[in-house]
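A quick write-up on the structure given underneath.
Protein chains: 4
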Amino acid sequence: MGIMRLGRVEARVLDLEKSIDYYSNVIGLQLMARENGKAYFKAWDEEDHHSLILTEADHPGLVHLAFKVRYEHELDEFEKKLENYGVRVNRISKGTRLAEGEAIRFELPTGHLVELYHEIERVGNGLKLNPDPYPENLKGIAPPQLDHLLIVGEDVEGATDLLMKVFDFHMSERIITLDGEKLLAVWLFRTNTPHDIAILKGPNGKLHHFAFTLGSWNDVLHAADVLGRNNVTFDVTPTRHGITRGTTIYFFDPSGNRNEVFSGGYIPHEDFTPVTWTEDQLGKGIFYHMRELNDRFTTALT
Amino acid sequence: MGIMRLGRVEARVLDLEKSIDYYSNVIGLQLMARENGKAYFKAWDEEDHHSLILTEADHPGLVHLAFKVRYEHELDEFEKKLENYGVRVNRISKGTRLAEGEAIRFELPTGHLVELYHEIERVGNGLKLNPDPYPENLKGIAPPQLDHLLIVGEDVEGATDLLMKVFDFHMSERIITLDGEKLLAVWLFRTNTPHDIAILKGPNGKLHHFAFTLGSWNDVLHAADVLGRNNVTFDVTPTRHGITRGTTIYFFDPSGNRNEVFSGGYIPHEDFTPVTWTEDQLGKGIFYHMRELNDRFTTALT
Amino acid sequence: MGIMRLGRVEARVLDLEKSIDYYSNVIGLQLMARENGKAYFKAWDEEDHHSLILTEADHPGLVHLAFKVRYEHELDEFEKKLENYGVRVNRISKGTRLAEGEAIRFELPTGHLVELYHEIERVGNGLKLNPDPYPENLKGIAPPQLDHLLIVGEDVEGATDLLMKVFDFHMSERIITLDGEKLLAVWLFRTNTPHDIAILKGPNGKLHHFAFTLGSWNDVLHAADVLGRNNVTFDVTPTRHGITRGTTIYFFDPSGNRNEVFSGGYIPHEDFTPVTWTEDQLGKGIFYHMRELNDRFTTALT
Amino acid sequence: MGIMRLGRVEARVLDLEKSIDYYSNVIGLQLMARENGKAYFKAWDEEDHHSLILTEADHPGLVHLAFKVRYEHELDEFEKKLENYGVRVNRISKGTRLAEGEAIRFELPTGHLVELYHEIERVGNGLKLNPDPYPENLKGIAPPQLDHLLIVGEDVEGATDLLMKVFDFHMSERIITLDGEKLLAVWLFRTNTPHDIAILKGPNGKLHHFAFTLGSWNDVLHAADVLGRNNVTFDVTPTRHGITRGTTIYFFDPSGNRNEVFSGGYIPHEDFTPVTWTEDQLGKGIFYHMRELNDRFTTALT
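Residue numbers (the numbering used here), protein chains in the order written: chain P, 418 to 719; chain H, 418 to 719; chain X, 418 to 719; chain A, 418 to 719.
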């Protein structure tokens, strides 16, 4: 019941051609379709038609993010819950975007458009009968799936409250001011992974990054090698997050949208006691090894 | 809502002293308490008082397995669901075992005792305020948590049906006869891991193994080194399962109960299309590299 | 000065076509040439024209092994040393085999033909000017280089004495009988790796395996996945050797010649104190985890 | 024959107590002795009495580096060779420093004191009879051995010429100016590892770093976790060098001497064709992922 996962991210890119090349050959996603100035991608282990939509625009950033719910009838239920919570909901008709069914859309207190949907064309991963563990001839980084995203906005408390109360998100980690009064950032999960969405205090409506799953620290090295070979701009080379314990690389797509590959971290359940970081330990929390933020971390937002 | 995870396993052991030494120093669990011929353990990243109970007995095997549900009131609800399904339910009073609250107990069609519970003493993992990613001075294999178990019984279909219908378990993988008519084994999940419980066709009430989570293939090597150094009897040295894609070692505790350490595999969601293995590909499914079962796999049961 | 490395192995194969497919696509070597019933391969990081020669024959096994010396004039010097030691030496003319210069040939007391050479066509690895760390689009296991071989024969002491006295090989490890009187196996090195050649007591002139270098335990898993996917027959799935400490897989080429991929181990120098294993600890020495030999280890020889 | 390895490094430290704590508990070396303001350490897999000497002083840096030669009589031979080359040689008597025999000492054109020695007390590694692959209860990073060092000086050409001509060092990599006329840095090897010593153009007599060997990229992560936990100052968090292909961390000891842990890279032989980097690709050569130097790389010298 409820939200199963972060199902898709729609991002604005400056040059669709260049971006298709990057997400196909460097990230190693599968280009599923291209039409009307949009490109649709899935990762190799995903069964739905797409999890990433690129839309050509004159500035980068996030168009919307969408959570997949388990049952179609939950769209109605969540519509009511959202309205009871005081949030206005719009319906997106089936077929508005390629391969997608109906969706409901609302705005988070941080100014981000969020959709919920159940229906999307199922294309499979080709590994369902006596399969090998992964396809041959993967190219680029080749993550198995979309993992999470980090959005930026002023009202971290408001967005967190909505996501936890309406959708039963659970908090895995949070950063608070030294006086304990303000939430500077929060990590939330629905799946048994350290985060499906995270929210950082800052200018409204901004995207910090979206991330793809990797299987191990060795895959992180391989990913860094792929990025190096392709002259991709790094934000942060391989390291560990204190927050989530995961290993990571931050880097930028050709439009300046920050991407992450993320591996590991704990396996939380609904009774997980959130981890608290105080503002003065922010550096250690974000980058456990270096223990300080670079300037870009809070300023390179799209 | 519902079952959050495999919360505990109670196993029979022949020599409690020797078993405590093994589970403390080789597996590297924390001995939380010992009383009345039982020993209680937790893994370092678990927040509940215990996930493994050892009970001294004259033969090895499984006493019971227990799933933790999210809310206390769900015990009543599941009691009704089980009774509607046609299963008799017993109540276990709070305090029957150390640190535990009330539980309900029933028998699976495969003859295994299953409990559901919510209340258990919370002891934490000590990593909740500006933490390092793991404790120092872990000993032995030191898995962060209990992962899953594999039970053996005649009525695989029946147990599967019950777990899926009453508790909303999802099927990740299954082995069927070549004619497609019979289920020989099934892997079921509630968490976003490839399995929380699996069932193999065979003599009723038997335990095949219970497993602990490891973070990577490198942790699998480290675990194998620890086992080698301690002269533990291996069933299978490090390899990959075709089923779940995870990497693994099977080995035996001093009483002959099979243990596993398990790492990796995919991250399934409720809409995951189950993977099907036909009987003739069983070897590849279980041990992807060697592609054949050893004799012990189906005979060394406790 | 002296022997730089195990430069090449010439192996007999039953079906050249099938073997070329296997060594090209599964092992992932580069087929450099094919002529007169022979195929010539190099690994991607080697600079010489070839390190493996396959020769079609009606039974598998080793034709010869060859060490590359640093200087051409050393052929004369080693010829004299060998003759002084009491070994008959033959000259192999330049051009006898493709791309090779002159060589000297002699027989070990274990009945194996050994060549020494300096001259061979240099083809490079393509990574000499501002290079990336490895080529793109490697296929199969893709080891960077040939590592070592293990030969079998009766007179382990004799062959060891010759290799140490004439060529300044150093002993890294040995297996002795419980009474300490006999050498059952010996590991010898010229490079700072745990072995360039090893000798096991058994029927004369036999090949136990030849091995390719891998960079890590993760590459070992990848190799095992490649072998599994291609239905290659395993002897031993991923494990650690007690001897050398390296991680390993043993498997068979289509003719039944045993191959190994080997990673890690220590970095010995000429003053390394040899490690001694007593016969009763042979199992632990060969397979550190399982701590027992399978039957094939001493019987599957070619 | 000749130099077997970088046998020891003597470094100046500001506070011996603090440095002993750091090299014992963070790096995880074994403190072998302490006397007269010096502390002597070995790594766990080394058989000689020490490979690192710390000497208390009012500024950090390198006192001397020393290569171990295979035979005692080579001291005389190298003394003559050095004098023929035009270098003045001093004798260091046995017993000048703890556990050491006689040595010869000379100055490199870059102003660094170099010693050659053969005799040193042998203490072993405790892993010579039916051993496990590594000791239990290692603490800190626990590298198996000293790996290499990088010194800084004006006359890179001169020091390189001496090391190659007198001691038969081989060049693995070099950085040249765009016009190809000047050597900006050079990597030299005697062992089959990518470097035993490297030289960077800069102020004379300076130390850039000395490095310890690690077995894998996973050990690099573990090392970074240990450094993070202990609040050690990083220069560069885990990444890959383009030069040598190895994976690495740079960080600073309590006195500001740069340390490195280094894993992997190729296995060169004496016929290895050196890799050339042009000045404009320096960033990629040093840090393959980020592809740019930080300011510290050329300025934080001791």
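Note that beta-carbon positions come from the ideal geometry of N, C-alpha and C, so glycine has one too. Predicted model only: the values in this text are computed from it and were never measured.
- In the three-state scheme derived from DSSP, where H, G and I count as helix and E and B as strand, I437 of chain P is classed as helix.
- Residue-level contact check: H626 of chain H does not touch chain X, since none of the beta carbons of chain X fall below 8 Å from its beta carbon.
- Chain-order list of chain H residues neighbouring P550 of chain A: D642, by C-beta distance under 8 Å.
- The region 560-569 of chain H makes contact with the region 610-624 of chain H; the number of CB pairs closer than 8 Å reaches 3 or more.
- C-alpha of Y705 of chain H to C-alpha of I660 of chain H: approximately 8 Å in a straight line.
- For the pair M421 of chain H and K485 of chain H, the CB atoms are nearer than the 8 Å cut-off.
- In its chain, beyond the 5 residues on either side, H535 and E536 have a beta carbon closer than 7 Å to the beta carbon of E489 of chain P.
- Contact annotation for V692 of chain X against chain A: L544, K545, L546, N547 and P548 [CB-CB distance below 9 Å, chain order].
- Scanning chain P for C-beta atoms nearer than 9 Å to the C-beta of R646 of chain X yields D549, P550 and E553, reported in chain order.
- Contact annotation: in the region 671-696 of chain X, residues whose CB is within less than 8 Å of a CB in chain A are G681, Y683, I684, H686, E687, D688, F689, T690, P691, V692, T693, W694 and T695.
- The three-state secondary structure of H625 of chain X, taken from DSSP, is strand.
- Contact with chain A is found for R487 of chain X, since one of that chain's Cβ atoms lies less than 8 Å from the residue's Cβ.
- Burial check for R505 of chain A: the Cβ neighbour count within 10 Å stays below 16, so the residue is exposed.
- E532 of chain H does not reach chain P, its nearest Cβ partner there being about 17 Å away, counting only Cβ pairs nearer than 9 Å.
- The beta carbon of G700 of chain H is closer than 8 Å to those of M707, R708, E709 and L710 in its chain, skipping five residues each way along the sequence.
- The DSSP-derived three-state label of V583 of chain X is helix.
- In the pairwise beta carbon analysis, the region 547-565 of chain A is classified as not touching the region 512-520 of chain A: fewer than three pairs are separated by under 8 Å.
- In its chain, beyond the 5 residues on either side, D572, G575 and A576 have a beta carbon closer than 6 Å to the beta carbon of P526 of chain X.
- DSSP places K618 of chain A within a strand segment (E or B) once states are collapsed to three.
- Apart from the 5 residues on each side of it in sequence, L580 of chain X sits with its Cβ closer than 6 Å to the Cβ of F586 and L605 in its chain, given in chain order.
- Linking T608 of chain H to R607 of chain P through their CA atoms gives a straight-line distance of about 10 Å.
- Counting other Cβ atoms within 10 Å of its Cβ, H476 of chain P stays below 16 and is therefore classed as exposed.
- R591 of chain P and E452 of chain P have their C-alpha atoms spaced approximately 40 Å apart.
- Neighbours of R607 of chain A in chain P, taken as residues whose beta carbon is under 7 Å from its own, are absent, since the nearest beta carbon is some 28 Å off.
- In this structure, A520 of chain P and E532 of chain P form a Cβ contact; the two beta carbons are roughly 4 Å apart against a cut-off of 8 Å.
- In the displayed model, E590 of chain P falls within a strand according to three-state DSSP.
- In this structure, DSSP gives D652 of chain H an extended state, which the three-state scheme calls strand.
- R646 of chain X carries a helical assignment under DSSP once its states are collapsed to helix, strand and coil.
- Using a Cβ-Cβ cut-off of 8 Å, P561 of chain H counts as an interface residue toward chain P, since at least one Cβ of chain P sits closer than that to its own.
- If you draw a 10 Å sphere on the C-beta of D432 of chain P, you find fewer than 16 other C-beta atoms in it, and that means exposed.
- Taking each of X:I703, X:H639, X:Y457 and X:T716 in turn and checking the Cα distance to G673 of chain X, the smallest one comes out for X:T716.
- N453 of chain P is outside the set of residues whose beta carbon lies under 8 Å from a beta carbon in chain X.
- Between E464 of chain X and G528 of chain X, the C-beta spacing is not below 8 Å.
- A Cβ of chain A is located within less than 8 Å of the beta carbon of G659 of chain X.
- For N635 of chain A, the nearest CB of chain H lies under 8 Å from its own CB, placing it at the interface with that chain.
- In this structure, F669 of chain A sits away from R662 of chain A, with a CB-CB distance that is not shorter than 8 Å.
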